[in-house]
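Following: one structure in structure tokens, then a few remarks.
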Amino acid sequence: MKRTALLTVAEMAQAENLTMQAGTPGQVLMERAGRAVAEAILARWTTRPVAVLCGPGNNGGDGLVIARCLSEAGWPVRVALLGEWSAFQGDALIQARHWDPASCVPVHPDALDGAELVVDALFGSGLSRPMVDMAAITLQAVAQSGVPMVAVDVPSGVFGDTGANAGAVKATLTVTFFRKKPAHVLMPGRALCGEVVVADLGLLADVGEFVQPATFENTPEYWLADWPRLADDDHKYQRGHALVYGGGVMTGASRLSAQAAARAGAGLTTVAVPESAWPVYAAALNSIMVQPMSGRDSVELAASLREVLGDARISAVLLGPGAAGGLARGVRPLVEVALASGRPVVLDADALSAFEHDPEALFALIKSARAPVVLTPHEGEFARLFPQAKTLPAPDKLSRARWAAQRSGAVVVLKGADTVIAAPDGAALVNTNAPATLATAGAGDVLAGLITGLLAQGMAVFHAAAAAVWFHGEAAQAFGAGLIADDLPDQLPAVLQKLVGGPD
Numbered sequence: 075m076k077r078t079a080l081l082t083v084a085e086m087a088q089a090e091n092l093t094m095q096a097g098t099p100g101q102v103l104m105e106r107a108g109r110a111v112a113e114a115i116l117a118r119w120t121t122r123p124v125a126v127l128c129g130p131g132n133n134g135g136d137g138l139v140i141a142r143c144l145s146e147a148g149w150p151v152r153v154a155l156l157g158e159w160s161a162f163q164g165d166a167l168i169q170a171r172h173w174d175p176a177s178c179v180p181v182h183p184d185a186l187d188g189a190e191l192v193v194d195a196l197f198g199s200g201l202s203r204p205m206v207d208m209a210a211i212t213l214q215a216v217a218q219s220g221v222p223m224v225a226v227d228v229p230s231g232v233f234g235d236t237g238a239n240a241g242a243v244k245a246t247l248t249v250t251f252f253r254k255k256p257a258h259v260l261m262p263g264r265a266l267c268g269e270v271v272v273a274d275l276g277l278l279a280d281v282g283e284f285v286q287p288a289t290f291e292n293t294p295e296y297w298l299a300d301w302p303r304l305a306d307d308d309h310k311y312q313r314g315h316a317l318v319y320g321g322g323v324m325t326g327a328s329r330l331s332a333q334a335a336a337r338a339g340a341g342l343t344t345v346a347v348p349e350s351a352w353p354v355y356a357a358a359l360n361s362i363m364v365q366p367m368s369g370r371d372s373v374e375l376a377a378s379l380r381e382v383l384g385d386a387r388i389s390a391v392l393l394g395p396g397a398a399g400g401l402a403r404g405v406r407p408l409v410e411v412a413l414a415s416g417r418p419v420v421l422d423a424d425a426l427s428a429f430e431h432d433p434e435a436l437f438a439l440i441k442s443a444r445a446p447v448v449l450t451p452h453e454g455e456f457a458r459l460f461p462q463a464k465t466l467p468a469p470d471k472l473s474r475a476r477w478a479a480q481r482s483g484a485v486v487v488l489k490g491a492d493t494v495i496a497a498p499d500g501a502a503l504v505n506t507n508a509p510a511t512l513a514t515a516g517a518g519d520v521l522a523g524l525i526t527g528l529l530a531q532g533m534a535v536f537h538a539a540a541a542a543v544w545f546h547g548e549a550a551q552a553f554g555a556g557l558i559a560d561d562l563p564d565q566l567p568a569v570l571q572k573l574v575g576g577p578d
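Heads up: the sequence shown runs through residues 75 to 578, numbered per my numbering.
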């Protein structure tokens with residue numbers, strides 16, 4: 075199983091159950107989990123008074139192991155219990171026998187007195203309802219105290235499968251086991267987890283044969299084998315030809331996209347623009363070709379675009395960035411031409427807004443297209459294009475993106491700090507390397523261009539979208555503070571060199 079797999083709560087339980095069925099007792103797994111948390115604490119903090127908050131289930135059993143290990147290391151330990159000692163069952167009950175119940179106190183803000191570190195072993199990832207009463211009150215007291223907190227699996231109140239927050243407070247460190255869960259990478263859970271450590275529990279070696287997750291963290295491990303490599307004798311047409319449609323008013327957006335497509339490795343990049351705007355593009359672009367298109371309205375421009383697409387060497391198309399100049403409906407004929415071209419198509423910005431009042435028409439066009447399609451909405455565009463997604467039983471970002479991909483027939487890149495890349499077959503990736511500096515005008519145009527450049531070179535559509543999102547984040551991190559979208563394409567060569575090097 076890939077190290078980047080994200081396991082749901084049920085999948086993790088299945089992995090543990092398979093390991094126990096193969097002969098490893100549950101109490102051994104609990105001992106390993108608790109010791110892993112204790113070791114992470116000992117590696118980061120010097121000896122100090124610690125309060126361990128224990129729930130009545132297995133998460134509380136982990137907490138008792140942590141308390142014992144820290145006590146054995148010479149730490150002053152106070153165990154605070156939520157509920158009655160008699161509520162412990164199974165493996166947690168076995169661990170409870172190693173601790174004196176008379177020394178425990180109830181979970182309450184008073185239990186924090188004198189503590190310089192708090193361990194949250196109350197609920198873990200299995201919680202599916204908002205926290206109430208004394209658990210929530212005590213965690214709020216932890217947050218107000220400023221004392222660092224270590225969470226076992228996830229901060230209590232974070233839902234493991236969605237990252238939703240139902241009363242959690244921010245942890246300094248979260249220790250989880252075997253593989254991350256969606257909560258560790260989806261907002262707001264990711265922000266609440268602090269540093270995340272994944273501890274090895276020694277689960278069954280071949281558990282991946284039985285537990286086959288559909289969600290992964292977006293890292294090069296997932297798509298690097300499909301990266302387009304250069305051969306010594308390649309020429310520019312073998313590297314693909316990306317076509318970007320450029321609008322006549324907001325010219326900067328498509329220029330950014332075209333530069334990104336070229337930096338992603340496309341051998342040629344052309345911007346097709348209305349004749350009236352040709353001087354603006356031609357004066358601003360050097361290595362990017364500018365193709366003027368005749369036409370006084372969107373229907374005539376669409377006919378001209380069809381003629382441009384008569385060049386069989388064009389291998390991918392981007393439509394949307396700055397395409398409409400605020401009049402998105404006029405872009406529809408252009409989208410129809412692009413989707414009928416038989417090339418992979420990326421639709422962004424105005425190309426999405428053009429169908430906000432008739433999304434089913436877009437989905438029908440996508441499903442009849444002869445090549446893959448990528449949609450790159452931000453949350454506002456997504457809500458207008460997929461309004462029904464908010465009524466899903468679990469309307470978290472991962473579920474919404476998956477549903478949208480299945481509904482539309484396209485790969486959906488739902489952008490944000492935790493961008494989700496979802497395919498119609500249910501596969502999904504969550505991206506985690508995007509810094510906050512990417513929240514700047516034009517950054518999405520660069521991302522759309524990166525995807526197009528990779529598609530132009532023949533990269534598989536899901537991999538191309540995922541790789542582009544990852545490189546987008548890496549480029550922003552490489553630049554640092556003060557980033558504007560114009561800076562992103564120039565950061566790509568160093569990022570690419572670091573990861574994939576030069577020609578084979």
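Where a beta carbon is used, it is the ideal one built from N, C-alpha and C, also for glycine. Keep in mind the model is a prediction, meaning the values are calculated, not measured.
- For residue 347, the uninterrupted beta strand (DSSP E) segment begins and ends at 342-348.
- Taken in chain order, the whole beta strand (DSSP E) runs of length 3 or more contained in the stretch 207-267 are 223-226, 247-251.
- When DSSP states are grouped into helix, strand and coil, residue 452 belongs to the coil group.
- Inclusion of residue 260 and residue 471 in the CB contact set at 9 Å is warranted, their separation being smaller than that value.
- The continuous stretches of alpha helix (DSSP H) do not include residue 313, and DSSP gives it neither H nor E.
- Per DSSP, reduced to three states, the secondary structure at residue 324 is coil, with no helix or strand assignment.
- Counting only the Cα atoms, residue 440 lies some 7 Å from residue 413.
- Looking only at 177, 151, 335, 320, the smallest Cα-Cα distance to residue 409 is reached by 320.
- The stretch 200-216 and the stretch 167-176 do not touch, with fewer than 3 CB-CB distances between them shorter than 8 Å.
- Comparing C-alpha distances from residue 479 to each of 468, 490, 460 shows the shortest one belongs to 460.
- Cβ atoms of residue 292 and residue 505 come within 8 Å of each other, at about 4 Å.
- The beta carbon of residue 525 sits closer than 6 Å to those of 420, 448, 538, 539, 542, all from its chain and outside the five residues before and after it, given in chain order.
- With respect to residue 142, residue 191 sits apart: the two C-beta atoms are not nearer than 9 Å.
- Take the alpha-carbon of residue 569 and the one of residue 186: they are about 46 Å apart.
- From the listed residues 227, 275, 561, 271, the smallest Cα separation to residue 99 is found for 275.
- Taking residue 315 as reference, the option from 529, 240, 239 with the minimal CA-CA separation is 529.
- Residue 318 and residue 497 have their C-alpha atoms spaced approximately 23 Å apart.
- Looking at the DSSP output, residue 319 sits in a beta bridge with 346.
- Just so you know, the alpha carbons of residue 150 and residue 120 end up roughly 12 Å apart.
- Pairing residue 136 with residue 79, the inter-Cα distance amounts to about 23 Å.
- Closest in C-alpha terms to residue 457, from the list 427, 435, 500, 152, comes 427.
- Sorting 500, 290, 379 by C-alpha distance to the C-alpha of residue 76 places 290 at the top.
- In the DSSP assignment, residue 128 falls within the beta strand (DSSP E) that extends over 124-128.
- Taken in chain order, the whole beta strand (DSSP E) runs of length 3 or more contained in the stretch 404-474 are 419-421, 447-449.
- The beta carbon of residue 227 sits closer than 6 Å to the beta carbons of 198, 199, 250 from its chain, once the five residues preceding and following it are set aside; these are given in chain order.
- Where residue 289 is concerned, the enclosing beta strand (DSSP E) starts and stops at 289-291.
- Annotation for residue 278: 92, 93, 96 place their beta carbon closer than 6 Å to its own, counting only its chain and skipping 5 residues before and after.
- Rounded to whole angstroms, residue 348 and residue 380 show a C-alpha spacing of 13 Å.
- Sequence-distant Cβ neighbours of residue 532 in its own chain, meaning closer than 8 Å and more than five residues away, are 302, 314, 389.
- In this structure the stretch 241-255 lies against the stretch 210-228, because at least three pairs of beta carbons, one per stretch, are closer than 8 Å.
- CA-CA distance, residue 152 to residue 266, rounds to 24 Å.
- Counting C-beta atoms within 10 angstroms of its own C-beta, residue 361 has fewer than 16 neighbours from the protein chains shown and is therefore classed as exposed.
- Note on geometry: alpha-carbon atoms of residue 262 and residue 364 lie some 43 Å from one another.
- Annotated three-state conformation of residue 563 is helix, per DSSP.
- Secondary structure of residue 366 (DSSP, three-state): strand.
- In the three-state scheme derived from DSSP, where H, G and I count as helix and E and B as strand, residue 330 is classed as helix.
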